[in-house]
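Numbering (the working numbering), first residue to last: 1 to 243.
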Amino acid sequence: WACLTPRIVSLTLTDCINVADEAVGAVAQLLPSLYEFSLQAYHVTDAALGFFSPKQSATLSILRLQSCWEVTNHGIVNIVHSLPNLTVLSLSGCSKVTDDGVELIAENLQKLRCLDLSWCPRITDAALEYIACDLNLLEELTLDRCVHITDIGVGYISTMLSLSALFLRWCSQVRDFGIQHLCGMRNLQVLSLAGCPLLTSSGLSSLIQLRHLQELELTNCPGASRELFDYLREHLPRCLVVE
1 WACLTPRIVS LTLTDCINVA DEAVGAVAQL LPSLYEFSLQ AYHVTDAALG FFSPKQSATL
61 SILRLQSCWE VTNHGIVNIV HSLPNLTVLS LSGCSKVTDD GVELIAENLQ KLRCLDLSWC
121 PRITDAALEY IACDLNLLEE LTLDRCVHIT DIGVGYISTM LSLSALFLRW CSQVRDFGIQ
181 HLCGMRNLQV LSLAGCPLLT SSGLSSLIQL RHLQELELTN CPGASRELFD YLREHLPRCL
241 VVE
């Protein structure tokens, strides 16, 4: 790690079987100007997330932790105390993070504009209530494969006026009633409901109320018929409808 130059502002480490806590400690020590840090490392633990320096608390804005399976809510505590100025946070595949961890994020990282909780199977509707209440600047939310999310949670999200992009791929409990909630999100520009198995053509057709929608992804939706795609394209001519 001695080869790292202090001038580095963006660092990505992916698919790193041998990267562990001490490596994150080296990054924290050697890169005081780091602005963006993306890490996919299966053996990093909560302790690593406490290594960030006071200098990095001011400079580090983007943190992506992908498939860091050992990270728990204790790691979230370290993140919110060490890096209060984050604007982008991804915990995709951090499968031990629960609603309590999301509550910590919502209460302490209120500058967030982008949050990715995809493949976090312990997340429920309660987490979405915390997000909706406290993250007033959030523009993009990714909840792919959060299989415990229901229409109730979608209802919480629908109150977020700042949200312009929402990804609900393979959220297997979302139904047409949840779609009705989404239809009130007038600022939504990008929406993915790919793989949501319970949505019907009737529910999906109501999405024409989202007049500012620029991209709508409905791949692998059993309820999306050829007639539905034609209907959506007719009524949302400026929207890219992805089959």
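Ideal placement from N, C-alpha and C gives every residue a C-beta, glycine not left out.
These numbers were taken from a predicted model, which means no experiment stands behind them.
Discussion item. Give me, in chain order, the residues of the same chain whose beta-carbon lies closer than 6 Å to that of glutamate 140; leave out the 5 immediate sequence neighbours on both sides.
Written reply: Cys114 and Ala165
Worksheet entry | Given tyrosine 184 as reference, the closest of Ser202, Val154, Pro197 and Gly223 once Cα atoms are compared | For clarity, residue 184 is glycine in the given sequence; the question names tyrosine instead. Closest option to glycine 184, Cα to Cα, is Val154.
Worksheet item: Got a sec? Which residues, its chain only, sit under 8 Å from serine 201 by beta carbon, not counting five neighbours each side?
Response: Gly223, Ala224, Ser225, Glu227 and Leu228
Worksheet item: What is the rounded straight-line gap between the Cα of alanine 127 and the Cα of valine 24?
Response: Whole-angstrom Cα-Cα distance: 28 Å.
Worksheet item: arginine 64 lies in the beta strand (DSSP E); which residues open and close that run?
Response: 62 to 65
Worksheet item: Would you call serine 258 buried or exposed, if buried means 16 or more other Cβ atoms sit within 10 Å of its Cβ?
Response: Because the chain is modelled from 1 through 243, residue 258 falls outside the range shown and cannot be assessed.
Fill in: For asparagine 187 and leucine 161, the rounded distance between their alpha carbons
7 Å
Worksheet item: Within this structure, are the beta carbons of alanine 132 and isoleucine 157 separated by less than 7 Å?
Response: Taking 7 Å as the cut-off, the Cβ atoms of alanine 132 and isoleucine 157 count as close.
Discussion item. Short of 7 Å in beta carbon distance, which residues of its chain neighbour glycine 50, apart from the five on each side in sequence? Order them along the chain.
Written reply: Asn78 and Ser82
Practice prompt. Inspect the beta-carbon positions of threonine 12 and serine 38 and report whether they are closer than 7 Å.
Written response: For the 7 Å CB-CB criterion, threonine 12 and serine 38 form a contact.
Worksheet item: For the beta strand (DSSP E) that contains leucine 89, what are its first and last residues?
Response: 88 to 90
Practice prompt. Let me know the secondary structure DSSP gives serine 82 once reduced to three states.
Written response: The three-state reading of DSSP puts serine 82 in helix, counting H, G and I together.
Worksheet item: phenylalanine 167 to cysteine 221, Cα distance in whole Å?
Response: 14 Å
Worksheet item: Going by the beta-carbon positions, is the gap between proline 121 and serine 95 smaller than 7 Å?
Response: The answer is yes: Cβ separation under 7 Å.
Discussion item. Quick test of your reading: glutamine 56 and alanine 28, contact by CB under 8 Å. State the CB separation rounded to the nearest angstrom.
Written reply: 6 Å
Worksheet item: Among the residues of its own chain, which have a CB less than 8 Å from the CB of leucine 112, if the five just before and after it don't count?
Response: Setting aside the 5 residues that flank it on each side, leucine 112 is surrounded in the same chain by Leu86, Thr87, Val88, Leu89, Ile105, Leu135, Leu137 and Leu138, each with a C-beta closer than 8 Å to its C-beta; the list follows chain order.
Worksheet item: Relative to the C-alpha of glutamate 103, which residue among Val44, Ile208 and Glu129 is closest?
Response: Glu129
Practice prompt. Can you tell me which of the three DSSP states serine 38 falls into?
Written response: strand
Worksheet item: Can you tell me whether glutamine 110 is buried or exposed, with buried defined as 16 or more other CB within 10 angstroms of its CB?
Response: exposed
Item to complete: Report all residues from its chain with a CB closer than 8 Å to the CB of leucine 60; omit the five preceding and five following residues, and keep chain order.
Response: Leu34, Tyr35, Glu36, Phe37, Phe52, Leu83, Asn85 and Leu86
Worksheet entry | Own chain partners of alanine 65 with C-beta closer than 7 Å, once the 5 adjacent residues on each side are dropped | Per the sequence shown, the amino acid found at residue 65 is leucine instead of alanine. Result list for leucine 65: Leu39, Val71, Ser90, Leu91 and Cys94, in chain order.
Item to complete: Please list, in chain order, all residues of the same chain as arginine 175 whose beta carbon is under 6 Å from its beta carbon, the five residues on each side excluded.
Response: Asp151 and Leu198
Worksheet entry | Test item: CB-CB of leucine 254 and leucine 218 under 7 Å | Past the boundaries of the shown model lies residue 254; the chain is included only from 1 to 243, so the question cannot be answered.
Worksheet entry | Residue environment, leucine 182, which counts as buried when at least 16 other CB atoms sit within 10 Å | Around the beta carbon of leucine 182, 16 or more other beta carbons lie within 10 angstroms, which makes this residue buried.
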